[in-house]
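Those protein sequence lines, which keep their order, are chains V and A. Numbering-wise (this note's numbering), the first sequence opens with residue 3 and increments by one. Numbering-wise (this note's numbering), the second sequence opens with residue 741 and increments by one. No residue lacks a Cβ here, since even glycine has one placed at the ideal position from N, Cα and C. Below is one structure; the comments refer to it alone.
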Amino acid sequence: DAGITQSPRYKITETGRQVTLMCHQTWSHSYMFWYRQDLGHGLRLIYYSAAADITDKGEVPDGYVVSRSKTENFPLTLESATRSQTSVYFCASSPVEGRNQPQHFGDGTRLSIL
Amino acid sequence: QKEVEQNSGPLSVPEGAIASLNCTYSDRGSQSFFWYRQYSGKSPELIMFIYSNGDKEDGRFTAQLNKASQYVSLLIRDSQPSDSATYLCAVFYGNNRLAFGKGNQVVVIP
C-alpha cells in the first residue's frame, strides 16, 4: 500500500529558479491538497483539487502553480522561487466529498531557497 | 477566513496522567472537527474526528465537542512517552478543506 508519496524529500535551490514538487497517490482519491507549514503559522492551504482538471486556490496561492491532469498526480510548481517560500510542504488527499472525510498526508518535502 | 485557535503553550504531563488540549473555532456553522498528531519532523496523522455534540472515545483518546461554545477538546488518558508530539485541531469548511490550528505541543515526562 504505497499511499501518498512526495518527491523530493529535501530540496535546496536558489532564488529565481523554478521548482516542482511532486505528489502521487495510489488510492484514487478525488481530493488532493497542498499545504505549507511554517513555525508560527501552522498548516496553510496553498491549492486544492476536487478532481482531475479541477483546481482552486487556497489561503496562500501567490507564487505557486498547480496542475492535475491525472487523478493520481498533483504537482506544485514555484515559478520563481523566493526565500519566503522556504518551508515544509505537505501534500494530502481525501477520498470523496463529505464532512467526515479525513485528509491523509504524505511525508513532506523540506524546501530551502538560498 | 476560518479561525482555529489553539492558544495554550507546551503542555508537560507526567506519564500516566491525563493530557487535556483545547481548540476554539470562529465559524458557528462548522460541522466537523479532526484531531491530528504530528511527531517532530514527520507528517500529521489522523487521531480521530467528531461531528456530534458530546464525547467520542477511541482507546485512550476522547474528543469532546461543544458547538454552542464553539470548542473542541482532546483528552489523552494514561499518557505515554510515545504521546509526546504536537496535536493539531482542524475544522472542516467545505470541499473537504480543513482549517488547522497552530498546534499544541505535549511532552510526557517518564
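Quiz prompt | is_contact[A52/V, chain A] using C-beta, thresh 8 Å | solution = The residue given as residue 52/V occupies position 50 in the first sequence. Yes - at least one Cβ of chain A is within 8 Å of the one on A52/V.
Item to complete: Please report the residue range of the beta strand (DSSP E) in which W775/A lies.
Response: Taking the first residue of the second sequence as 1, we reach residue 775/A at position 35. Run containing W775/A: 773–778, per the beta strand (DSSP E) assignment.
Fill in: Within chain A, the residues that Q103/V reaches when beta carbons sit closer than 7 Å
As a working mapping, residue 103/V is identified with position 101 in the first sequence. Result: N836.
Original post:
Would you say S71/V reaches chain A, if we count a Cβ-Cβ gap shorter than 8 Å as a contact?
Top reply: On the first sequence, position 69 is the one that residue 71/V refers to. Not one chain A Cβ lies under 8 Å of S71/V.
### Task
Determine the chain A residues that contact G44/V at a beta-carbon separation under 9 Å, and present them in chain order.
Looking up residue 44/V in the first sequence gives position 42. Within chain A, the residues near G44/V are V744, Q746, L828, F840, G841, K842, G843.
(message) Distance check for L116/V and R19/V, CA to CA, integer angstroms please.
(response) For the purposes of this step, residue 19/V is taken as residue 17 along the first sequence, with counting starting at 1. For the purposes of this step, residue 116/V is taken as residue 114 along the first sequence, with counting starting at 1. Going from the Cα of R19/V to the Cα of L116/V covers about 10 Å.
> How about T802/A and L786/A: do their beta carbons lie closer than 8 Å?
Replying inline: Reading the second sequence from its first residue, position 62 is the one you call residue 802/A. Reading the second sequence from its first residue, position 46 is the one you call residue 786/A. No, they are not a contact pair.
Worksheet item: Name the residues in the segment 786–813 of chain A whose C-beta lies less than 8 Å from a C-beta of chain V; which are they?
Response: L786, F789, Y791
Is it buried or exposed, H106/V, if we count other Cβ atoms within 10 angstroms and call 16 or more buried? Stepping through the first sequence from its first residue, residue 106/V is reached at position 104. H106/V comes out buried.
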